[in-house]
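Scroll down for the structure; my scribbles are underneath it.
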Amino acid sequence: MSAAAFLDVVDPWINWTWLSTHIPLFADALQQHITLTTIAIVGGLVLSLPLGVAAYRWRMLRNLVLGVFGTFYTIPSLALFALLVPYTGLSETTAEVGLIGYTVLILVRNVIVGLESVPADVLDAADGMGYRPLARLLRIELPLALPAIIAGVRIATVTTPCCPSPWRWWQTSPSPVLNGSPFRGLVPNSRGVPWERRQVVYGCGPLERA
Numbered sequence: 010m011s012a013a014a015f016l017d018v019v020d021p022w023i024n025w026t027w028l029s030t031h032i033p034l035f036a037d038a039l040q041q042h043i044t045l046t047t048i049a050i051v052g053g054l055v056l057s058l059p060l061g062v063a064a065y066r067w068r069m070l071r072n073l074v075l076g077v078f079g080t081f082y083t084i085p086s087l088a089l090f091a092l093l094v095p096y097t098g099l100s101e102t103t104a105e106v107g108l109i110g111y112t113v114l115i116l117v118r119n120v121i122v123g124l125e126s127v128p129a130d131v132l133d134a135a136d137g138m139g140y141r142p143l144a145r146l147l148r149i150e151l152p153l154a155l156p157a158i159i160a161g162v163r164i165a166t167v168t169t170p171c172c173p174s175p176w177r178w179w180q181t182s183p184s185p186v187l188n189g190s191p192f193r194g195l196v197p198n199s200r201g202v203p204w205e206r207r208q209v210v211y212g213c214g215p216l217e218r219a
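Residue 10 is where the sequence shown starts when you use the working numbering, and the numbers rise one by one after that.
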């Protein structure tokens, strides 16, 4: 694609004048985006820590947990939100269910990796000092596994923000007939102009120019 086609003088892809007059809209979208990501990471971490510890202790449970959430992770967010909308609507709950589910796989794997990286001689020393299993987990294993867990949080934080895009995309539908439909982008908007050439991407979704 040539530079002239991308920076169309008549109808540019990025209209800086329009953007400069809609700063509050962008600020609101950014705040919503940060809120969705924060809730997803915290919720995923709350679920992943006990699941990761249990999967580390029992190998059969490990295969089950990784298999279930690995399968969940392969579902595209657009398809997942389409399945959830009839039950939860176009609400933040719909977005959070998908986001938390996606983060659990990343975090559980890192919890397991972190616990497995604890040296065996350290565990033997803890047993020799009389640590019970729970105390050894809380005072020895989890602190030593913390670098791997933090790495998982970082990965989840980077990958999670892209997932709400289809959810936000549905929320900003310009067509009252196809509102919430994944096919709405194939029809003209209320002005008769194809949606693809009249959109401005901001934060995590498209918005029709005023």
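Note that CB positions come from ideal geometry on N, CA and C, so glycine has one too.
Going straight from the alpha carbon of residue i to that of residue j, what length do you get?
{"i": "residue 70", "j": "residue 158", "result": "19 Å"}
{"i": "residue 28", "j": "residue 39", "result": "14 Å"}
{"i": "residue 80", "j": "residue 90", "result": "16 Å"}
{"i": "residue 58", "j": "residue 34", "result": "36 Å"}
{"i": "residue 147", "j": "residue 141", "result": "10 Å"}
Could you say which of the options lies nearest to residue i if we only look at CA atoms?
{"i": "residue 94", "options": "111, 106, 47", "result": "106"}
{"i": "residue 87", "options": "103, 118, 25", "result": "103"}
{"i": "residue 128", "options": "138, 153, 45, 167", "result": "153"}
{"i": "residue 130", "options": "67, 155, 150", "result": "150"}
{"i": "residue 78", "options": "52, 118, 41", "result": "118"}
{"i": "residue 42", "options": "148, 53, 76, 101", "result": "101"}
{"i": "residue 155", "options": "135, 137, 144, 124", "result": "124"}
{"i": "residue 62", "options": "96, 138, 143", "result": "143"}
Which residues in the same chain as residue i place their Cβ atom closer than 6 Å to its Cβ, once the five residues preceding and following it in sequence are excluded?
{"i": "residue 3", "result": "Because the chain is modelled from 10 through 219, residue 3 falls outside the range shown and cannot be assessed."}
{"i": "residue 122", "result": "157"}
{"i": "residue 115", "result": "161, 164, 165"}
{"i": "residue 23", "result": "none"}
Consult DSSP for residue i and reduce its assignment to one of helix, strand or coil.
{"i": "residue 25", "result": "helix"}
{"i": "residue 42", "result": "helix"}
{"i": "residue 69", "result": "helix"}
{"i": "residue 168", "result": "helix"}
{"i": "residue 80", "result": "helix"}
{"i": "residue 47", "result": "helix"}
Residues in its own chain within less than 7 Å of residue i by CB, not counting five upstream and five downstream?
{"i": "residue 210", "result": "The predicted position of residue 210 is uncertain, since its pLDDT is 43 and thus under 50; a value taken from the coordinates is nonetheless stated next. Cβ neighbours of residue 210 beyond the five flanking positions: none."}
{"i": "residue 133", "result": "none"}
{"i": "residue 49", "result": "105, 108, 109, 112, 169"}
{"i": "residue 74", "result": "60, 64, 117"}
Just reading off the alpha helix (DSSP H) that residue i is part of, what are its end residues?
{"i": "residue 101", "result": "101-125"}
{"i": "residue 145", "result": "142-145"}
{"i": "residue 95", "result": "86-97"}
{"i": "residue 137", "result": "129-137"}
Closest Cβ-Cβ distance between residue i and chain D: below 8 Å?
{"i": "residue 112", "result": "Structure shown: chain D not included; a single protein chain is present."}
Less than 8 Å between C-beta atoms, sequence neighbours within five positions excluded: which residues of the same chain meet that for residue i?
{"i": "residue 136", "result": "145"}
{"i": "residue 126", "result": "153, 154, 157"}
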